[in-house]
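Peer 1: Counting from 1, position 958 in the sequence shown corresponds to residue 958 in the UniProt record's numbering; the numbering is continuous, with no gaps. Every residue gets a Cβ at the ideal spot worked out from N, C-alpha and C, and that includes glycine. Just so we're clear, the structure is a prediction, and the values are computed from it rather than from any experiment. My structure is below; once you've seen it, I'll send some questions.
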Amino acid sequence: MDGDETVPMECQEGQEGQEGQEGQEGQEGQEGQEGQEGQEGQEGGQERQEGQESAAPEATNGTAPPEKKKRGRPKDLNAPPRPQTPKSRVQAPERERIKQERPELTKDLKAMMEALNKVWEEAPQEEKDRLQKEYDAEMEIWRPKWDAYRKTDSYKEFCIEKQDYKDRKEKKKFLKAESKKAPKRPKSGYGLYSDEARDRVKEAVMAAGGGMGDIGKRISEEWNALSEAKKAEYQEVAQKQKEEFQVKFAEYKMTDDWKEFQTKKAKMDGRHALNKLQRTTYKEAPPKPANAFNLFKNKYMKQVQEEKKGASAGELSKALGEKWKNTPPEERAPFEKEANALKEEFRKKMVEFKRQKSYVKFLQKRVVVKNKENRLVNLNTMPKKPKSVYALFREDIKEEVPAGKGEGKGMKFVKNKFEEMDEEAKQKYKEKEAELKQKYNEEVKDFKEGTTFKEFKKTEEKIKREMMTEAMKVMTLKFLNDAPAEPPRNPFSIFVGEKRKASVEEAGEPKKKKSKQEAKDEVAAFKAEWGKLDKDMKSVYDEKQKEARKKWQEEVKAYMELPKWQEYVEEAKALRVPVRGLLSKKKKSIKKLKNGMKLLPLPDRPETMPSKPPKAKRIFFQEKRKEVEDPAKLSEMWDALTEEERKVWDKKAADLEMEYQEELKAFHESDEGREFLKRMSQVRRSRACAVAKDKHLAGVQVPKKPPGALDLYGREKVKELKKAKPELKGADLKKEITECWKAFSDEEKTVYQDKAKGMQQEYEEKLRAFKETENFKSYQAAMRKFMKSNKKPQGKGGGKGKPKANLPAPPPKPESMPAKPGHALKLYMKEQAGSGKKIPEMASAFRELPDEEKARFKEMAETQLKEYEEKMEEWLKTDEGKKYARDTKNVQKRRKVAIAKDKFLKDEPKKPPTPLAIFSQEKRGEFAEKFPESKGLMLNSKIAEAFRGDCPKTRGRNGMTRQKESRTNTKRRWRSSRRRRSTRSISRQ
Numbered sequence: 001m002d003g004d005e006t007v008p009m010e011c012q013e014g015q016e017g018q019e020g021q022e023g024q025e026g027q028e029g030q031e032g033q034e035g036q037e038g039q040e041g042q043e044g045g046q047e048r049q050e051g052q053e054s055a056a057p058e059a060t061n062g063t064a065p066p067e068k069k070k071r072g073r074p075k076d077l078n079a080p081p082r083p084q085t086p087k088s089r090v091q092a093p094e095r096e097r098i099k100q101e102r103p104e105l106t107k108d109l110k111a112m113m114e115a116l117n118k119v120w121e122e123a124p125q126e127e128k129d130r131l132q133k134e135y136d137a138e139m140e141i142w143r144p145k146w147d148a149y150r151k152t153d154s155y156k157e158f159c160i161e162k163q164d165y166k167d168r169k170e171k172k173k174f175l176k177a178e179s180k181k182a183p184k185r186p187k188s189g190y191g192l193y194s195d196e197a198r199d200r201v202k203e204a205v206m207a208a209g210g211g212m213g214d215i216g217k218r219i220s221e222e223w224n225a226l227s228e229a230k231k232a233e234y235q236e237v238a239q240k241q242k243e244e245f246q247v248k249f250a251e252y253k254m255t256d257d258w259k260e261f262q263t264k265k266a267k268m269d270g271r272h273a274l275n276k277l278q279r280t281t282y283k284e285a286p287p288k289p290a291n292a293f294n295l296f297k298n299k300y301m302k303q304v305q306e307e308k309k310g311a312s313a314g315e316l317s318k319a320l321g322e323k324w325k326n327t328p329p330e331e332r333a334p335f336e337k338e339a340n341a342l343k344e345e346f347r348k349k350m351v352e353f354k355r356q357k358s359y360v361k362f363l364q365k366r367v368v369v370k371n372k373e374n375r376l377v378n379l380n381t382m383p384k385k386p387k388s389v390y391a392l393f394r395e396d397i398k399e400e401v402p403a404g405k406g407e408g409k410g411m412k413f414v415k416n417k418f419e420e421m422d423e424e425a426k427q428k429y430k431e432k433e434a435e436l437k438q439k440y441n442e443e444v445k446d447f448k449e450g451t452t453f454k455e456f457k458k459t460e461e462k463i464k465r466e467m468m469t470e471a472m473k474v475m476t477l478k479f480l481n482d483a484p485a486e487p488p489r490n491p492f493s494i495f496v497g498e499k500r501k502a503s504v505e506e507a508g509e510p511k512k513k514k515s516k517q518e519a520k521d522e523v524a525a526f527k528a529e530w531g532k533l534d535k536d537m538k539s540v541y542d543e544k545q546k547e548a549r550k551k552w553q554e555e556v557k558a559y560m561e562l563p564k565w566q567e568y569v570e571e572a573k574a575l576r577v578p579v580r581g582l583l584s585k586k587k588k589s590i591k592k593l594k595n596g597m598k599l600l601p602l603p604d605r606p607e608t609m610p611s612k613p614p615k616a617k618r619i620f621f622q623e624k625r626k627e628v629e630d631p632a633k634l635s636e637m638w639d640a641l642t643e644e645e646r647k648v649w650d651k652k653a654a655d656l657e658m659e660y661q662e663e664l665k666a667f668h669e670s671d672e673g674r675e676f677l678k679r680m681s682q683v684r685r686s687r688a689c690a691v692a693k694d695k696h697l698a699g700v701q702v703p704k705k706p707p708g709a710l711d712l713y714g715r716e717k718v719k720e721l722k723k724a725k726p727e728l729k730g731a732d733l734k735k736e737i738t739e740c741w742k743a744f745s746d747e748e749k750t751v752y753q754d755k756a757k758g759m760q761q762e763y764e765e766k767l768r769a770f771k772e773t774e775n776f777k778s779y780q781a782a783m784r785k786f787m788k789s790n791k792k793p794q795g796k797g798g799g800k801g802k803p804k805a806n807l808p809a810p811p812p813k814p815e816s817m818p819a820k821p822g823h824a825l826k827l828y829m830k831e832q833a834g835s836g837k838k839i840p841e842m843a844s845a846f847r848e849l850p851d852e853e854k855a856r857f858k859e860m861a862e863t864q865l866k867e868y869e870e871k872m873e874e875w876l877k878t879d880e881g882k883k884y885a886r887d888t889k890n891v892q893k894r895r896k897v898a899i900a901k902d903k904f905l906k907d908e909p910k911k912p913p914t915p916l917a918i919f920s921q922e923k924r925g926e927f928a929e930k931f932p933e934s935k936g937l938m939l940n941s942k943i944a945e946a947f948r949g950d951c952p953k954t955r956g957r958n959g960m961t962r963q964k965e966s967r968t969n970t971k972r973r974w975r976s977s978r979r980r981r982s983t984r985s986i987s988r989q
């Protein structure tokens with residue numbers, strides 16, 4: 001090997017790396033430009049024919065000789081021969097004449113080209129025109145053949161081979177440039193002898209009429225004829241130079257030039273490997289379609305060539321570009337239409353291509369290639385793992401190892417020596433190994449904190465995310481394209497869909513694509529119209545959305561039972577991508593706060609939990625919805641109902657409400673209901689806690705509870721145990737630590753217990769100081785409503801007594817009563833109705849109004865309030881107003897009495913039952929059997945007649961006696977209770 005072309009050792013290893021560009025921009029060699037004068041691999045038909053005629057003959061045994069590796073630029077022998085240009089036809093026969101007349105030009109290419117150009121200039125113009133005409137005719141025949149050939153597999157294989165050659169050439173050029181920075185690699189003994197004898201042998205061979213190949217052959221023969229002693233002299237010199245080189249090369253590997261070389265080489269190899277992977281995979285992909293300009297160019301190229309004869313390919317393209325720019329839009333339209341059709345066809349073919357297994361394998365190989373390049377670029381400076389005990393021993397005795405293979409030689413010798421070594425000697429190597437491991441761990445820790453390792457992890461995550469995204473797309477194309485389409489997610493989407501459909505039907509034309517701004521304005525208009533609908537009207541669309549979603553869920557469940565879905569699940573697991581949940585809900589995604597805490601999703605509503613029934617108006621809408629096409633007419637139909645007709649719907653709503661309350665009560669008493677309420681309470685508390693910590697304790701250092709004595713001991717003991725018993729892990733390791741702790745004496749435990757006690761006291765002081773901070777107090781105040789109170793409720797029932805008495809409801813407001821006007825904010829909201837804004841947004845907008853605008857609304861509110869007070873004063877003078885005032889006054893009085901009784905007469909004795917009530921309670925069962933046809937009031941009248949029967953005095957006396965005894969006992973208990981409360985009051989004073 002010539003010393004001038006030596007490269008670093010690592011350069012010669014040629015590791016295949018990975019790097020690459022994303023996606024497929026088009027296959028190499030498939031974007032040829034019409035009108036180009038040259039083509040790779042077709043430099044002359046004669047040269048190709050000569051190469052075919054000079055093929056090696058068959059071997060003497062009748063079999064074909066092994067094919068030699070082709071050198072130089074590859075040539076496409078299967079391509080249709082390109083016609084020779086007029087200039088080539090004139091110069092070709094003259095080339096041989098010039099070589100014979102002026103042999104010195106064979107080594108001077110520039111002078112040869114000048115001589116050939118002179119021959120072309122001296123040729124008659126008539127001859128040039130004749131040759132040009134023949135060339136144009138031949139090109140007309142050749143172009144269709146060339147276009148057809150470009151679509152064949154042979155051309156694609158040639159393009160791959162040609163690009164491989166370019167990659168090898170680029171790498172060779174790179175290694176040659178980088179080798180100049182590295183120390184020159186020494187020659188072997190044979191190389192030294194070859195340098196010494198080359199000039200002498202060359203002179204002798206050339207004098208005898210030999211060639212360059214004979215020189216190497218003669219040197220080899222002379223080397224073989226040398227004595228072993230003479231060869232040893234050359235080998236000794238070569239060994240000395242090798243040792244010097246190894247020292248210099250080790251120093252070179254510590255420089256920045258080496259690191260830079262390694263990075264560049266890894267990136268270049270990665271790019272080449274990924275490009276080759278793309279070329280071999282995408283050769284089956286459909287060719288990229290022509291755009292509108294290319295179609296235009298193909299049509300008008302011949303016309304422009306005739307107009308601009310002799311123009312170059314660049315000039316022709318420029319002229320076509322100007323012609324395209326000046327073409328009117330109506331003339332461009334056919335080309336654009338055809339280009340769109342070709343693009344759509346290409347998209348469909350590309351979808352089919354990506355569904356093939358070859359593309360999935362390409363994605364998997366691409367990840368391997370990129371990960372390898374990432375490791376070579378970012379982990380080449382990572383500390384190397386330390387040697388094991390056996391490796392350290394082998395390095396120490398490498399000079400003693402006999403060369404060769406077999407018993408007593410090479411690795412067998414090392415193995416036997418290691419087995420014969422005693423434990424004391426092995427222990428030294430173990431200690432050295434432990435030191436190297438400790439040093440290695442520290443170096444790795446420092447390396448992982450550096451920017452290089454962070455870049456490695458970042459790139460690794462990017463590669464993984466890219467693979468995940470592309471694989472999910474492929475899985476969707478392959479399996480999920482025919483899955484049931486998800487319905488609109490909200491009622492407003494249903495409303496927008498119906499409006500758009502109605503507008504298309506009304507216009508009678510197909511839907512046209514709108515710009516972003518037009519679509520935005522359209523949605524804003526729909527939002528304003530949606531905001532004007534009342535709650536009951538919106539419920540109609542809500543029902544439609546629920547029905548559509550329920551139907552979709554049933555279709556999805558049926559789809560997931562098909563074999564295709566099972567195949568999708570298996571392939572997704574093989575690609576390590578998540579299986580797409582078709583029925584997943586967005587609300588189930590766990591939201592993360594800034595402090596890293598998670599907001600848990602609310603629990604699913606049980607199927608047995610009853611849903612709140614609709615109101616009368618909504619029931620009417622649900623039943624009448626199928627009778628009308630336009631849902632907006634339902635409101636008009638409801639307004640047209642009379643009072644008697646509305647009572648029918650009110651009764652239906654009341655019945656449904658009664659059933660709902662009964663079902664809800666039963667659900668709350670069931671095991672499932674209690675579990676749901678408990679879980680809901682836990683989740684709400686957890687979410688409130690997370691939000692409160694994020695709001696009040698963000699950035700605050702909360703004291704951490706210190707470890708106990710056993711934990712402190714375990715932290716010290718764990719390293720020792722892992723070395724002694726490496727098989728122990730997890731729970732077994734903790735158990736072993738606990739057993740060792742139990743075996744400790746009290747004196748030995750005291751050391752750890754005292755340390756833990758000091759840490760606990762320090763923690764309590766910090767916690768006490770932390771609880772005095774404003775942040776903690778704010779957090780505690782936010783969480784107070786969720787904290788369980790330890791205060792025991794007063795009374796015998798422990799807080800389970802009867803609730804407060806129900807207060808009487810106010811009288812219903814008459815229709816003639818003036819309505820009270822709203823305040824300034826309500827007036828502003830009324831004015832903004834239909835804008836599509838929500839109530840919080842309107843309230844915020846009102847607060848941001850200028851003072852003059854706010855004053856206007858306040859003045860309007862005050863004016864309306866004065867008018868209301870005047871109307872109310874006049875209305876109260878009417879009979880209906882006086883009646884409402886009396887009823888209101890009575891209700892207020894009854895409410896005050898009820899509140900006073902609930903507050904001061906809680907222990908008032910209950911009024912005893914009358915004699916008739918006692919008699920009825922005792923005899924009701926007997927009379928119900930005797931008179932089964934009588935129920936309710938009729939049965940009560942039967943009991944009353946019997947009570948006023950034959951012995952009224954006795955019954956009256958018995959009833960009066962029981963009533964009197966009951967009253968006496970009740971008064972006695974009440975007085976006793978009064979005395980106990982009085983005694984407790986005095987004792988407190």
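Assuming the contact rule is C-beta atoms closer than 8 Å, Tyr868 and Lys826 should be a hit. Round their C-beta distance to whole Å, please.
Peer 2: Not really, about 13 Å apart at Cβ, beyond 8 Å.
Peer 1: Taking all protein chains shown into account, do 16 or more other C-beta atoms lie within 10 angstroms of the C-beta of Ile219, making it buried, or fewer, making it exposed?
Peer 2: Ile219 should be labelled buried.
Peer 1: Could you tell me whether the region 734-741 touches the region 681-695, using the rule of 3 or more Cβ pairs below 8 Å?
Peer 2: no
Peer 1: If the criterion is Cβ atoms closer than 7 Å, does the pair Pro86 and Leu116 meet it?
Peer 2: Not in contact: Pro86 and Leu116 (Cβ atoms no closer than 7 Å).
Peer 1: Nearest by alpha-carbon distance to Leu599: which of Val718, Leu807, Arg684 is it?
Peer 2: Arg684
Peer 1: When DSSP labels each residue in this structure, what does Ile619 get in the three-state scheme?
Peer 2: helix
Peer 1: Given a cut-off of 7 Å on the beta-carbon distance, is the pair Ala285 and Ala339 in contact?
Peer 2: no
Peer 1: In this structure, does DSSP put Ala900 in helix, strand or coil?
Peer 2: helix
Peer 1: If you drop the 5 nearest sequence neighbours on each side, which residues of the same chain put their C-beta closer than 7 Å to that of Lys749?
Peer 2: Ala709
Peer 1: Could you tell me the alpha carbon to alpha carbon distance between Glu435 and Asn441, rounded to whole angstroms?
Peer 2: 10 Å
Peer 1: Could you tell me whether the region 543-555 touches the region 477-487, where touching means 3 or more Cβ pairs closer than 8 Å?
Peer 2: yes
Peer 1: Is Asp167 helix, strand or coil when you go by DSSP?
Peer 2: helix
Peer 1: Looking only at its chain, what residues have a beta carbon closer than 6 Å to the beta carbon of Pro289, apart from the 5 residues adjacent to it on each side?
Peer 2: Leu342, Lys343, Phe346
Peer 1: Check whether the Cβ of Ala917 lies closer than 6 Å to any heavy atom of the ligand HEM, and answer yes or no.
Peer 2: Ligands in the displayed structure: none, and consequently the ligand HEM is not present.
Peer 1: For Val90, which residues from the same chain have a beta carbon less than 6 Å from its beta carbon, with the 5 sequence-adjacent residues on both sides left out?
Peer 2: Excluding positions up to five away in sequence, the list reads Trp120, Ala123.
Peer 1: With a threshold of 16 other CB atoms inside 10 Å of the CB of Asn374, please say whether the residue is buried or exposed.
Peer 2: buried
Peer 1: What first and last residue would you give for the alpha helix (DSSP H) that runs through Asn224?
Peer 2: 212-225
Peer 1: Counting C-beta neighbours from all protein chains within 10 Å, is the total for Gly795 16 or more, i.e. buried, or is it exposed?
Peer 2: Only weak support is given to the placement of Gly795: the predicted model assigns it a pLDDT of 48, under 50, and the question is left unresolved by the model.
Peer 1: Do Pro703 and Tyr763 come within 7 Å of each other at the CB atom, strictly closer than that value?
Peer 2: yes
Peer 1: Taking the alpha-carbon positions, what's the Arg856 to Thr878 distance?
Peer 2: 34 Å
Peer 1: Under the rule that 16 or more other beta-carbon atoms within 10 Å means buried, what is Asp536, buried or exposed?
Peer 2: Here Asp536 is buried. Its C-beta has 16 or more other C-beta atoms within 10 Å.
Peer 1: Which residues bound the alpha helix (DSSP H) around Lys189?
Peer 2: The question names Lys, but residue 189 in the sequence shown is Gly. 189-207 is the extent of the alpha helix (DSSP H) around Gly189.
Peer 1: Rounded to the nearest angstrom, what separates Lys478 and Lys372 at their Cα positions?
Peer 2: 29 Å
Peer 1: Smallest Cα separation from Ile463: which of Ser686, Ile215, Leu905, Gln364?
Peer 2: Gln364
Peer 1: With a cut-off of 8 Å on the beta carbons, I'd call Asp257 and Lys181 a contact; round off their distance for me.
Peer 2: Taking a contact as a CB-CB distance under 8 Å, the pair Asp257 and Lys181 counts as one, their CB atoms being some 5 Å apart.
Peer 1: Among Arg618, Lys626, Glu659, which residue has its Cα nearest to the Cα of Asp639?
Peer 2: Arg618
Peer 1: Taking Cβ positions, are Leu274 and Val369 nearer each other than 7 Å?
Peer 2: Yes, they are a contact pair.
Peer 1: Is Gly881 helix, strand or coil when you go by DSSP?
Peer 2: Helix, per DSSP.
Peer 1: By the 10 Å Cβ neighbour count, where 16 or more other Cβ atoms means buried, how is Asn378 classified, buried or exposed?
Peer 2: buried
Peer 1: Here's the rule: buried if 16 or more other CB atoms are within 10 angstroms of the residue's CB, otherwise exposed. What is Thr381?
Peer 2: Looking at its Cβ environment, which holds fewer than 16 other Cβ atoms inside 10 Å, Thr381 is exposed.
Peer 1: Would DSSP call Ile160 helix, strand or coil?
Peer 2: helix
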